[in-house]
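Chemist: Residue numbers (our numbering): 5 to 271.
C-beta atoms are modelled at their ideal positions from N, C-alpha and C, and glycine is treated no differently.
These numbers come from a predicted model, not from an experiment.
1. How should residue 140 be labelled, buried or exposed, when 16 other C-beta atoms within 10 angstroms of its C-beta is the threshold for buried?
2. I want to know whether the segment 155-167 touches the segment 176-185 - three or more CB-CB distances under 8 Å.
3. Would you kindly check if the distance between the Cβ of residue 230 and the Cβ of residue 43 is under 8 Å?
4. Looking only at its own chain, which residues have a Cβ that is under 8 Å from the Cβ of residue 209, when we skip the five neighbours before and after it?
5. If I'm right that residue 129 touches residue 174 with Cβ under 8 Å, what's the distance once you round it to whole angstroms?
6. Are the CB atoms of residue 26 and residue 204 nearer to each other than 8 Å?
7. Unbroken alpha helix (DSSP H) runs of length 4 or more, entirely within the segment 114-147: which are they?
8. Starting from residue 253, trace the alpha helix (DSSP H) in both directions and tell me its first and last residue.
9. Between the Cα of residue 240 and the Cα atoms of 18, 123 and 33, which residue gives the shortest distance?
10. In terms of DSSP beta bridges, what is residue 149 paired with?
11. By the 10 Å Cβ neighbour count, where 16 or more other Cβ atoms means buried, how is residue 222 classified, buried or exposed?
12. Could you check whether residue 59 and residue 226 sit closer than 8 Å to each other, using their CB atoms as the reference points?
13. Pick helix, strand or coil for residue 247, following the three-state DSSP scheme.
14. How should residue 71 be labelled, buried or exposed, when 16 other C-beta atoms within 10 angstroms of its C-beta is the threshold for buried?
15. Mapping the DSSP letters down to three states, classify residue 217 as helix, strand or coil.
16. Among 37, 112 and 31, which residue has its Cα nearest to the Cα of residue 266?
17. In angstroms, rounded to a whole number, what distance separates the CA positions of residue 90 and residue 55?
18. Going by DSSP in three states, residue 298 sits in which element: helix, strand or coil?
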């Protein structure tokens with residue numbers, strides 16, 4: 005892998021991890037479209053580490069407040085919104101963590117090699133995100149749940165949906181945003197919950213893949229690039245959803261899938 009390729013894939017990861025377009029799919033599809041040799045899952049995880057650092061930088065205070073809130077509940081018996089959200093995040097992490105542990109070999113050995121299937125997942129989730137977001141906006145209207153009022157049921161639903169993200173094309177942020185919207189969470193609430201939820205799942209995956217990592221200049225550049233672009237993307241999305249829905253990302257997913265199928269069929 006050249007330095008240029010690692011930079012491009014770092015940009016892809018930084019954008020795809022936080023926008024609901026599937027970073028795992030794009031880390032496979034971009035090399036396919038450009039005719040590059042496919043990177044390893046371990047390299048993809050290294051790029052995920054860069055975006056993990058990005059979300060930690062942006063939401064460090066939030067995570068610190070959540071952790072302190074949980075400690076105060078354990079040691080002082082003091083209830084708080086921070087304590088509630090902390091444990092909801094822990095609970096929501098479990099389905100995705102189990103899916104990653106149980107399906108890692110299958111994903112690495114089969115799904116990452118099925119370009120047509122990845123494109124199909126990309127398109128299907130695009131349609132579902134579009135339809136689900138529009139339905140939620142009409143169905144819940146002014147009854148949408150804000151971040152501090154998230155319920156255990158909603159956290160569990162979002163957590164279960166995250167388990168599907170092990171399949172390239174579904175997208176961790178895409179599935180959680182869809183599940184959150186369908187369960188009544190506001191755009192702002194599910195976006196923030198999704199960002200916070202990314203920390204434990206990405207950290208766990210990174211730790212598991214550390215033995216497979218080959219530290220090189222290209223890897224380091226890719227990590228730094230994904231970090232910088234990740235910070236920019238998080239800030240962009242948090243501002244964007246104040247006045248927009250998720251339709252543009254849904255359309256992009258379908259268009260990207262069509263481009264992949266065109267190359268598969270005619271080139």
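Modeler: Let me lay it out:
1. Residue 140 is buried by the Cβ-count criterion.
2. Touching, yes.
3. No, these two residues do not count as a Cβ contact at 8 Å.
4. Closer than 8 Å at the Cβ level, and outside the excluded window around residue 209, lie 49, 52 and 104.
5. In this structure residue 129 touches residue 174 by the C-beta definition: roughly 6 Å separates them, less than 8 Å.
6. Not in contact: residue 26 and residue 204 (Cβ atoms no closer than 8 Å).
7. Taking only runs of at least 4 residues, the alpha helix (DSSP H) segments lying wholly in the segment 114-147 are 119-144.
8. Element bounds for residue 253: 251-270.
9. Closest option to residue 240, Cα to Cα, is 18.
10. Residue 149 is bridged by DSSP to 189.
11. When all chains shown are included, residue 222 counts as buried.
12. The answer is no: Cβ separation not under 8 Å.
13. Coil, per DSSP.
14. Within a 10 Å sphere around the beta-carbon of residue 71 sit fewer than 16 other beta-carbons, which makes this residue exposed.
15. Residue 217 falls in the coil class under three-state DSSP.
16. Comparing C-alpha distances from residue 266 to each of 37, 112 and 31 shows the shortest one belongs to 37.
17. Taking the straight line joining both Cα atoms gives about 21 Å.
18. The requested residue 298 does not occur in the structure, where the chain is confined to residues 5 to 271.
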